[in-house]
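Numbering (the working numbering), first residue to last: 1 to 324.
A short worksheet on the structure shown next.
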Ligand code: SF4
Ligand code: SF4
């Protein structure tokens with residue numbers, strides 16, 4: 001009997017999510033035993049036509065990492081959705097837009113201009129810019145155009161499940177693979193991780209007392225046994241889903257939010273403002289005033305980067321609007 005088919009794909013991706021799959025180690029053999037890998041561009045030589053030639057829904061599960069940054073990413077997302085029964089957004093970029101989603105703070109032209117002309121290492125004296133059609137020796141090559149904005153996978157196709165993280169932590173991947181192989185996947189649309197927040201998994205002491213202004217981890221002595229946020233170190237733990245076992249705070253680095261918003265919270269930035277407001281309120285034993293909240297937020301050096309490092313394209317803000 002033929003095995004069910006499985007596919008892996010990377011779109012606008014750094015490749016870290018591919019490495020995370022390899023982190024499965026010997027458990028990858030269980031996947032190979034149970035499934036026939038029909039598409040995995042980073043590991044096996046298959047072509048888009050191999051996928052086009054499959055029946056609709058013939059792939060049992062597709063793990064899709066990376067954001068939708070160019071036209072090719074979008075085209076292949078639609079193709080794999082059509083050919084797959086279950087579509088899984090794997091990693092922050094696919095789940096929420098990810099770090100490349102901060103590209104939505106610039107227009108497409110600004111991005112291209114900076115990357116190709118203005119960076120100190122551009123070395124592009126002729127000012128050559130990328131084009132979508134190239135003719136060489138009588139042959140025409142079409143290249144994918146950069147989209148005007150970065151999108152998460154579910155902005156362009158229907159997604160069945162999400163595996164969060166940048167890249168997803170190994171226990172989360174193992175849990176998802178086990179659920180898949182045992183036929184125990186939860187309701188459609190679920191994020192395949194814990195319902196807890198990073199703070200719930202963090203064993204630092206919480207005194208519910210906030211130090212006024214934000215400061216940097218290297219600004220002063222930081223007590224490693226105490227909550228970083230309460231010491232003024234911006235930490236996204238209260239606004240971030242767990243599953244990573246608080247890996248960053250455990251190493252005295254603040255959480256940057258890669259696991260996305262916790263359950264019952266649509267987006268991370270507003271959830272984090274609520275968390276900061278409530279900490280100020282508890283500290284003063286009364287509701288925080290608008291001025292106090294504004295002062296705390298003003299002391300953040302990079303508010304968008306802090307609140308939306310991984311989730312700008314799926315936030316209420318989505319992007320900086322411009323003429324494009
Ligand atoms: S989620 Fe993180 S590790 Fe995965 S492709 Fe995006 S930036 Fe890379
Ligand atoms: S805010 Fe950060 S340091 Fe504090 S408990 Fe939550 S995860 Fe830990």
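We put the beta carbon where it would ideally sit given N, CA and C, even for glycine.
None of the values given here were measured: they were computed from a predicted structure.
For residue 48, the enclosing alpha helix (DSSP H) covers residues 48-52.
In this structure, 241 is the residue among 241, 115, 275 with its C-alpha nearest to the C-alpha of residue 201. Look at residue 64 here: in three-state DSSP terms it is strand.
In this structure, ligand 2 has no non-hydrogen atom nearer than 7 Å to the beta-carbon of residue 209. Secondary structure at residue 36: strand, using DSSP grouped into helix, strand and coil. Two segments are said to touch when three or more pairs of C-beta atoms, one from each, lie closer than 8 Å; by this definition the stretch 294-303 does not touch the stretch 69-79. Relative to ligand 1, residue 73 has its C-beta separated by 7 Å or more from all heavy atoms. Collapsing the DSSP output to three states places residue 135 in a strand.
Of all residues, those with a beta-carbon under 6 Å from at least one heavy atom of ligand 1 are 13, 14, 16, 17, 65, 66, 91, 92, 93, 98, 99, 166, 167, reported in chain order. Distances from the CB of residue 249 to the heavy atoms of ligand 2 include at least one below 7 Å. A contact between stretches requires three or more CB pairs, one per stretch, nearer than 8 Å, and the stretch 81-100 fails this requirement with the stretch 128-141.
With contacts defined as CB atoms closer than 8 Å, residue 69 and residue 126 fail to qualify as a contacting pair. The Cβ-Cβ distance between residue 91 and residue 189 does not fall below 8 Å. Rounded to whole angstroms, the separation of the alpha carbons of residue 244 and residue 27 is 19 Å.
Rounded to the nearest whole angstrom, the CA to CA distance from residue 225 to residue 280 is 21 Å. Residue 5 has 36, 59 as its beta-bridge partners, per DSSP.
Cα atoms of residue 232 and residue 286: separation of roughly 20 Å, rounded to the nearest angstrom. Distances taken from the Cβ of residue 222 to the heavy atoms of ligand 2 include none shorter than 7 Å.
Taking C-beta atoms under 8 Å as the contact rule, residue 310 and residue 269 fail to qualify, at a distance of about 11 Å.
With 7 Å as the limit, the residues whose C-beta approaches a heavy atom of ligand 2 more closely than that are 198, 199, 202, 204, 206, 227, 228, 229, 230, 235, 237, 238, 246, 249, 254, 255, in chain order. For residue 24, the closest alpha carbon among the candidates 153, 176, 161, 262 is that of 176.
Secondary structure at residue 230: helix, using DSSP grouped into helix, strand and coil.
Residue 17 and residue 238 do not touch by the CB rule: their CB atoms are close to 26 Å apart, not below 8 Å.
Residues of the same chain with a CB within less than 8 Å of the CB of residue 252, apart from the 5 flanking positions on each side, are 217, 222, 224, 228 in chain order. Less than 8 Å separates the beta-carbon of residue 249 from that of residue 255. Distance from residue 264 to residue 198 at the Cβ level is roughly 15 Å; contact not present, criterion being Cβ atoms closer than 8 Å.
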